[in-house]
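Residue numbers (UniProt numbering): 1 to 73.
Ideal Cβ positions, reconstructed from N, Cα and C, are used throughout, including at glycine.
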């Protein structure tokens, strides 16, 4: 959309159910997922956000110098 009213552009963009909203510009961003909502949104699966859906985060801490903590003295 093209406008000089930034506040209105932000309100309109927030309410649109679209995958990409350009304000006063238009160009391709390869890092951004493409696709919209419902049937047109399947392309998001090929981007970082889509791949994150398949990921399970795990945190592993390994103490390489264990010392007695005395927690249960």
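Where residue 70 is concerned, there is no enclosing alpha helix (DSSP H), because DSSP gives it neither an H nor an E. Annotated three-state conformation of residue 18 is coil, per DSSP. CA-to-CA, the gap between residue 58 and residue 5 works out to about 45 Å.
In the structure shown, the three-state DSSP call for residue 6 is helix.
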